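These protein sequence lines map, in sequence, to chains A and B.
As numbered in full-length UniProt numbering, residues 1 to 126 make up the first sequence, in order.
As numbered in full-length UniProt numbering, residues 1 to 233 make up the second sequence, in order.
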Amino acid sequence: MVGLVVVSHSRKAADGIVEVAAEMGGDTPIEAAGGDGDGVIGTNVDRISNALVAADDGDGVVVLVDLGSAVMNAEVAIEMHDGEAVIADSPVLEGAVNAAVAATDPNATLESVVEQAEAAVAIDKT
Amino acid sequence: MSGDGAVVVAAVEAVADRIQAERDHLTDLDSAIGDADHGGNMARGWAEAAEAVADLADPDAQTAVKTAGKTVLSEVGGAAGPLYGGSLVFASQELEGGVTPETAVAFAETYLEKVQDRGDASVGAGTMVDALTPAVHTFKKSIETDELPPLEALTKAVAAAEAGVQFTVPIRASKGRASYLGWRSVGHQDPGATSTLYIMEELLAVAAGHLDSEVPDVDASSPTIPDAEAAEE
Numbered sequence: 001m002v003g004l005v006v007v008s009h010s011r012k013a014a015d016g017i018v019e020v021a022a023e024m025g026g027d028t029p030i031e032a033a034g035g036d037g038d039g040v041i042g043t044n045v046d047r048i049s050n051a052l053v054a055a056d057d058g059d060g061v062v063v064l065v066d067l068g069s070a071v072m073n074a075e076v077a078i079e080m081h082d083g084e085a086v087i088a089d090s091p092v093l094e095g096a097v098n099a100a101v102a103a104t105d106p107n108a109t110l111e112s113v114v115e116q117a118e119a120a121v122a123i124d125k126t
Numbered sequence: 001m002s003g004d005g006a007v008v009v010a011a012v013e014a015v016a017d018r019i020q021a022e023r024d025h026l027t028d029l030d031s032a033i034g035d036a037d038h039g040g041n042m043a044r045g046w047a048e049a050a051e052a053v054a055d056l057a058d059p060d061a062q063t064a065v066k067t068a069g070k071t072v073l074s075e076v077g078g079a080a081g082p083l084y085g086g087s088l089v090f091a092s093q094e095l096e097g098g099v100t101p102e103t104a105v106a107f108a109e110t111y112l113e114k115v116q117d118r119g120d121a122s123v124g125a126g127t128m129v130d131a132l133t134p135a136v137h138t139f140k141k142s143i144e145t146d147e148l149p150p151l152e153a154l155t156k157a158v159a160a161a162e163a164g165v166q167f168t169v170p171i172r173a174s175k176g177r178a179s180y181l182g183w184r185s186v187g188h189q190d191p192g193a194t195s196t197l198y199i200m201e202e203l204l205a206v207a208a209g210h211l212d213s214e215v216p217d218v219d220a221s222s223p224t225i226p227d228a229e230a231a232e233e
């Protein structure tokens, strides 16, 4: 099954987004990689690397990110990761929810899950 | 321990000491336009890197650079971790054959490419790229075109980085945390460009010590730019 990793500067935000996405995500493996490791706002490559390993059961991982260094640290972690993983160009929460649902499709692939995550850009709220 | 690896270890230790000494200054610069964590994060990460390379048994240059980079990557965190540490890890491959003027140029170019690519920043965005780019270009030209001795080439590169740091002051930042401030970033020196300069100054000092010579006085102009007299001939 395609897995998800949610990267945010805030540990609480990452945990909370995982909580929301898991509600819709059935058995989808979803891991949070929030904060810099010391309970401070930031992102940390080792946390993301560990989350990738935990979320990857061989079918690849879609990574949802918030801002700035979250993107850079996710890129580095993906380069060092042994499996396949890609960053979705999407809003972090909406993308995570979309991806979690998409991953439950029995025909889901890494590509189809990324595509659904990125479709979250177009969610209309007004 | 001897050879190139030992020089790299000495350089990492010198950088760690310098960043520690400049910690409050870097924090002040980052307080003005960022989140005030650059001094603390860099000081902690480079101190860990110095310990990590000191623990290596007779490392070659590539291993020492890679180890320092990995430690900075993990311990500095934020954006600086991947930018300083990740780029060192990636560029360390150029030092497989040890440190020569040629591999040093390749290392510098690869490091710059990785920083630009990772940060998605080009010159003029008010970032470390503004210090790094002129420094790397000057170093490459000094070695490859002007055929200057390595120490002179590095001295010119440091002077170019210094000018690049000054260039970040009047620039409106368009990348990095400072870009969120828009016009308010104008008038502030970029902390990343500044710490990049400190790192280069320490590399120069360690290289001069290793080569047992004084840092030369260099003319900022290039010997390959023809002077007026030559142009008339």
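For each residue, glycine too, the CB sits at the ideal point set by N, CA and C.
Small disclaimer: the values here were computed from a predicted structure and weren't measured.
Tell me the rounded alpha-carbon separation between residue i and residue j.
i, j, result
"residue 48 (chain B)", "residue 197 (chain B)", "20 Å"
"residue 101 (chain A)", "residue 59 (chain A)", "16 Å"
"residue 135 (chain B)", "residue 166 (chain B)", "13 Å"
"residue 99 (chain A)", "residue 89 (chain B)", "32 Å"
"residue 97 (chain B)", "residue 106 (chain B)", "12 Å"
"residue 1 (chain B)", "residue 10 (chain B)", "Below a pLDDT of 50, predicted positions are generally treated as unreliable, and residue 1 (chain B), at 43, falls in that range; the measurement from the model is reported next regardless. For residue 1 (chain B) and residue 10 (chain B), the distance between alpha carbons rounds to 11 Å."
"residue 38 (chain A)", "residue 71 (chain B)", "16 Å"
"residue 79 (chain A)", "residue 89 (chain A)", "17 Å"
"residue 11 (chain A)", "residue 154 (chain B)", "43 Å"
"residue 182 (chain B)", "residue 170 (chain B)", "12 Å"
"residue 64 (chain B)", "residue 31 (chain A)", "33 Å"
"residue 179 (chain B)", "residue 215 (chain B)", "36 Å"
"residue 19 (chain A)", "residue 116 (chain A)", "19 Å"
"residue 201 (chain B)", "residue 77 (chain A)", "30 Å"
"residue 18 (chain B)", "residue 50 (chain B)", "12 Å"
"residue 121 (chain B)", "residue 91 (chain A)", "22 Å"
"residue 72 (chain A)", "residue 177 (chain B)", "13 Å"
"residue 172 (chain B)", "residue 16 (chain B)", "30 Å"
"residue 50 (chain A)", "residue 124 (chain B)", "36 Å"
"residue 217 (chain B)", "residue 142 (chain B)", "14 Å"
"residue 26 (chain A)", "residue 123 (chain A)", "22 Å"
"residue 67 (chain B)", "residue 126 (chain A)", "51 Å"
For residue i, report the span of its beta strand (DSSP E) as first-last.
i, result
"residue 34 (chain A)", "30-34"
"residue 40 (chain A)", "Run containing residue 40 (chain A): none; DSSP gives neither H nor E here."
"residue 85 (chain A)", "85-87"
"residue 154 (chain B)", "Unbroken run through residue 154 (chain B) is the alpha helix (DSSP H), 150-167; no beta strand (DSSP E)."
"residue 3 (chain A)", "3-8"
"residue 61 (chain A)", "61-65"
State the start and end residues of the unbroken alpha helix (DSSP H) segment that holds residue i.
i, result
"residue 86 (chain B)", "Run containing residue 86 (chain B): none; DSSP gives neither H nor E here."
"residue 3 (chain B)", "3-21"
"residue 134 (chain B)", "129-144"
"residue 191 (chain B)", "191-210"
"residue 110 (chain A)", "110-119"
"residue 66 (chain B)", "61-76"
Using C-beta distances below 7 Å, list every residue in its chain close to residue i, excluding the 5 sequence neighbours before and after it, in chain order.
i, result
"residue 115 (chain B)", "83, 87, 128, 129, 132"
"residue 168 (chain B)", "126, 130, 189, 190, 193"
Give every residue of the same chain whose Cβ lies closer than 8 Å to the Cβ of residue i, excluding the five residues on either side of it in the sequence, and list them in chain order.
i, result
"residue 38 (chain B)", "26, 27, 29, 30, 80, 191, 192, 195"
"residue 41 (chain A)", "9, 10, 35"
"residue 223 (chain B)", "146, 148"
"residue 24 (chain B)", "39"
Quick one: residues in its chain with C-beta nearer than 6 Å to the C-beta of residue i, no 5 flanking neighbours on either side, listed in chain order?
i, result
"residue 160 (chain B)", "134, 135, 138"
"residue 62 (chain B)", "92, 95, 96"
"residue 21 (chain A)", "30, 96, 97, 100"
"residue 5 (chain B)", "59, 60, 61, 64"
"residue 301 (chain B)", "For residue 301 (chain B) there is no data in the structure shown, the boundaries of chain B being 1 and 233."
Inset, instruction - Could you say if the stretch 68-78 of chain B and the stretch 36-52 of chain B meet the contact criterion of at least three C-beta pairs nearer than 8 Å? - result: yes
Contact the stretch 207-215 of chain B vs the stretch 150-163 of chain B: 3+ CB pairs below 8 Å: yes
Q.
Does the stretch 1-15 of chain A come into contact with the stretch 47-67 of chain A, if we say contact requires no fewer than three beta-carbon pairs (one atom in each stretch) closer than 8 Å?
A. yes
Near-chain B residues of the stretch 95-114 of chain A - C-beta to any C-beta below 7 Å | none
Check distances from the C-beta atoms of the stretch 26-46 of chain A to those of chain B and list, in chain order, the residues that come in under 9 Å. 36, 37, 38, 40, 41, 42, 43, 44, 45, 46
Could you name the residues of the stretch 62-75 of chain B whose beta carbon sits closer than 8 Å to any beta carbon of chain A, in the order they occur along the chain? 73, 74
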